[in-house]
Amino acid sequence: MVDVPKPEELIKVDNKPPAKGWMDVPPDISAGKYPYPAQPKSLKYLDLPNPRDWSPLDDDWQLPENWKEIVHEGLKERLDKYRSLKVFMDTCVRCGACADKCHFYIGSGDPKNMPVLRAELLRSIYRNDFTAAGKIMSLFPGGKRLAGARTLTKDIIKEWFSYFYQCSECRRCSVFCPYGIDTAEITMMGRELLNLLGINIHWIKDPVSNCFRTGNHLGIQPQNFKEIVEFFCEDIEEITGVTINPSFNRKGAEILFITPSGDAFADPGTYTFMGYLLLFEHIGLDYTFSTYASEGGNFGLFTSAEMMKRLNSKMYAEASRLGVKWILGGECGHMWRVINQYMDTMNGPADFLEMPVSPITGTKFENAASTKMVHIAEFTADLIRHNKLKLDPSRNDHLVVTYHDSCNPARAMGLFEEPRYVINNVCNNFYEMPESTIKENTFCCGSGSGLNTEEIMETRLQGGLPRANAVKHVHDKNGVNMLSCVCAIDRAVFPPLMDYWVPGVDVTGVHELVGNALVMEGEIERTTNLRFEPLGDTEGDSDE
Amino acid sequence: MAETVEFEGKSFNVDEDGFILDFNEFCPEWIQLVKKEEGIEELNEEHTKVIDVLQDYYKKNGIAPMVRVLSKLTGFKLKHIYELFPSGPGKGACKMAGLPKPTGCV
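Those protein sequences? They're chains A and B, same order as listed.
Numbered continuously in this note's numbering, the first sequence closes out at residue 1227.
Numbered continuously in this note's numbering, the second sequence closes out at residue 357.
Put into structure tokens, the structure is as follows:
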């Protein structure tokens, strides 16, 4: 593991472009600058091509013999299959509106992290291989370069690996593109092509293969999943005196609840999980967990459309098997991109389920008419709106909260107001970060799309700088000490990001705040919050 | 990329961060090797308790326990686990116990 520079060093971003043109500047693939490659056992498990032991530091990446043909055919197939890709390849006029919108560019100053240039890495091959202009121009000396085209080489494959894994597919750039080019989909295509050659990363392939084996990214087996949830219930009983007995794989339950497995494993997501349990108990919801569809996340999205489809299908297969009416989804980020933008044409429409209706308020969630999957922030906001929750927001008075719009719920489903409505009803101190850094302009945590692995910590801290900078603004100005969010990757990556750039700011899921504010029937007087910290004491011992 | 590490007559296949790739390769010599890396002079009963708890849990469940469960099962607060294993429960204790690193939204 490579040591990370001090913040005062990392903040010195060098925006001077290199002396040579971008085609002549090789990527920095040195220790600490690349995510570890996938282990052969994961690729074998998933029937993915070219499983082998390799390192990006090797000269020879052991590509298949016909690697060039594989990439050419792979790109051709995708251009035929996805009209969007063809449009994105053709329409860019290189206006540069996206250039300074990328958190990785802002944090690194590397021109190849400008979304326009990241796309050019692939577009230059497209021009060369698939456009008349590229083909004609290449007949003349220097013409190829003039047309922005280049011939695919092994070094370009290495460049793709470097830069398609420095994009977190957050889509902030696409908000500013006058043509609406979705650069995340270009990165996704780049990664798909690399996957055809067996170039993939451990932090994505290990969760994907775990998900196939056990139903979730972490590899939690059924009996263990049940034990973990029961462990949360024991802690809840100790804190609130309320006994909760959730069900698992229960046929005939009205609702199937699915959340990222990260919340069943890593702090502070575990406290959000406890928040869900308290909420459902509070309203007497008829729901069940599945130990098979025990993952909201879908690292298949960071692999290929096919892999995303395969992982997504188990949620719906399980909903059908259990005979539930609809699915309630937890605080996951990229799950909602999969559900809202791809599920419907991939594994849907889910006609075997019913139009989601809140059993408590009768509200029809017509926005989820096709996917049959409702976001918990919408569900809870609706409960509060109908005065169905007994809340004591003063229990969160020691917190000064801001809200990070997690990229995918914000930009892939337009979830802006519901989480804020919930937070403002369970907390008394809430401050917004600057307008240009929230809602659809939200800045990524810097580690999304499977980049939340430790060996590239410097890149992650650079990418997280714009978000951290906005948090620092409200920390300094309003005394914000708690960053809330609705994504398990956020909850995993913000603690080290805050410790590095904005010490003194902690991280929480929205439903942890809800769980702390909920006044449960028959509860004992609460002396601690869900983290076992004394109520009203921010300096409490959080080491449990 | 897998590497092979030799120590006191044993060889171990490890990942980039030096975690054993296959739990079956675990043996007492492995503890001695990681102990040196961690800068722990002598293992005491508390170190052994943490390692035993981790291994029992892993054998039963195929993954490491979450930190809160580890605390409960050992009776040690997280702060104390860091005192025992300076690199923490994951990079210190799990590594010494021969467990792989968890991946995903963690």
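Beta carbons: idealized from backbone N, C-alpha and C, even for Gly.
Note that the coordinates shown come from a computational prediction; the quantities given were computed from them, not determined experimentally.
Check	Outcome
Inter-stretch contact (C-beta, 8 Å, three-pair minimum) for the segment 1030–1038 of chain A and the segment 1059–1071 of chain A	no
Contained alpha helix (DSSP H) runs [length at least 4] in the segment 934–976 of chain A, N- to C-terminal order	952–966
F1177(A) vs C1128(A) beta-carbon contact at 8 Å	yes
DSSP-derived helix/strand/coil call for I271(B)	strand
Cβ contact check for the segment 816–832 of chain A and the segment 887–905 of chain A: 3 or more pairs under 8 Å	no
Residues sharing a beta bridge with F894(A), DSSP	Sequence check: residue 894(A) is Cys here, not Phe. According to DSSP, C894(A) bridges with nothing at all.
Own chain partners of A1200(A) with C-beta closer than 7 Å, once the 5 adjacent residues on each side are dropped	L1074, D1075, P1076, R1078, N1079, V1109
For P1092(A) and H786(A), believed in contact at Cβ under 8 Å, the rounded distance	Not really, about 17 Å apart at Cβ, beyond 8 Å.
Partners in chain B for S1167(A), counting only beta-carbon separations shorter than 8 Å	Simply none; closest approach about 16 Å.
Among G757(A), S892(A), K997(A), nearest to N878(A) - alpha-carbon criterion	G757(A)
F972(A) to K784(A) span [Cα, whole Å]	39 Å
With 16 other Cβ atoms within 10 Å as the buried cut-off, status of R1143(A)	buried
Paired residues, beta bridge with S262(B) - DSSP	E257(B)
Proximity test, Cβ basis, 8 Å: N275(B) and chain D	Absence of chain D from the displayed structure is noted, the protein chains being A and B.
Complete alpha helix (DSSP H) runs within the segment 1061–1145 of chain A (minimum length 4 residues, chain order)	1090–1094, 1100–1109
DSSP three-state assignment for S1225(A), whether helix, strand or coil	Confidence in S1225(A) is poor, its pLDDT being 45 and thus under 50, which makes the residue's placement too unreliable to answer from.
Test: E1216(A) CB closer than 8 Å to a CB of chain B	no
Bridge partner(s) assigned by DSSP for C1168(A)	G1192(A)
8 Å contact criterion, which F948(A) and L901(A) should meet: CB distance rounded	5 Å
Residue closest to T926(A), alpha-carbon to alpha-carbon, out of S738(A), K1047(A), E964(A)	E964(A)
Spatial neighbours of E267(B) in its chain, beta-carbon cut-off 6 Å, leaving aside the 5 residues before and after	none
Beta carbon proximity, G349(B) to chain A, threshold 8 Å	no
C-alpha distance - L1166(A) paired with I1022(A), whole-angstrom precision	26 Å
C-alpha gap between S930(A) and Y970(A), whole angstroms	8 Å
Chain A residues whose Cβ lies nearer than 9 Å to that of I291(B)	Correct list: empty, because the minimum Cβ distance to chain A is about 19 Å.
Continuous beta strand (DSSP E) stretch holding I1010(A): start and end	1009–1012
Rounded separation between S1132(A) and G1205(A) - CA only	43 Å
Contacts of D268(B) in chain A (Cβ-Cβ under 7 Å)	M684
Coil, strand or helix - V1163(A) by DSSP	coil
Through-space distance from H1194(A) to E913(A), alpha-carbon basis	18 Å
Nearest neighbour of L693(A), chosen from I789(A), D741(A), L1011(A), S845(A) [CA to CA]	I789(A)
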